[in-house]
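For reference, the structure discussed in these notes is given below.
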Amino acid sequence: MKKLTSIKIDEELLEEAKKRGLKLSEIVEKALIRAVKRGVNYKEEKAKELWEKASKIASKKVIEKAKEIYQKTLQDPWAFEKLKNKNLEGLIASAIYIASVFYKEGLTQRVIANTLGTTEQTIRKIYKIMVVGNERRLA
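Once you know that position 92 of the sequence shown is 92 in the numbering used here, the rest is easy, because the numbers rise by one and skip nothing.
Written as structure tokens, this is what we have:
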């Protein structure tokens, strides 16, 4: 279903588009579709890169468990709402830290943060939300 909406466009650009007979709504819609797809692809590529970096410091079982924690967290509406604006580095780092604690591998927040380009404080903040979210799912 399409919805009528408004956007701000430079007046001169709009006039030029009209002179050329361009259908602005179609152009804007196609541009938005491309931008959204590019954004999704970017996030997927970035996540893949971060998981590869993490595999240099964590065992395969920790990485697999971290991926499971990460996915379940994103599927939990409460946790998703709390974490939707957090950076990917912090989310993945926190999932790795939780999995490392689970398997008693002893990876420190500092090592994980330095490897993935985030901070220990970010890991701690996101860790709390992920753990509470997990407890909520199990309750």
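We put the CB at the ideal spot given by N, CA and C, even for glycine.
Predicted model only: the values in this text are computed from it and were never measured.
Proximity winner among the options, relative to residue i (alpha-carbon distances)
i    : options             : result
L107 : K128, I63, K82, E68 : I63
S100 : L14, A58, K128      : A58
S94  : I9, L50, P77        : L50
Q71  : R34, A54, A47       : A47
I96  : R20, T73, K37       : T73
I123 : Y103, I92, V132     : I92
Counted within 10 angstroms of its Cβ, other Cβ atoms place residue i as buried (16 or more) or exposed
i   : result
E81 : exposed
L83 : buried
G90 : buried
L14 : exposed
If you scan the stretch 8-70 from start to end, which runs of the alpha helix (DSSP H) of 4 or more residues do you find wholly inside it?
The stretch 8-70 contains these whole alpha helix (DSSP H) runs: 11-19, 24-54.
Specify whether the stretch 24-41 and the stretch 100-115 touch according to this definition: at least 3 beta carbon pairs, one from each stretch, less than 8 Å apart.
No: the two stretches stay apart, fewer than three of their Cβ pairs being nearer than 8 Å.
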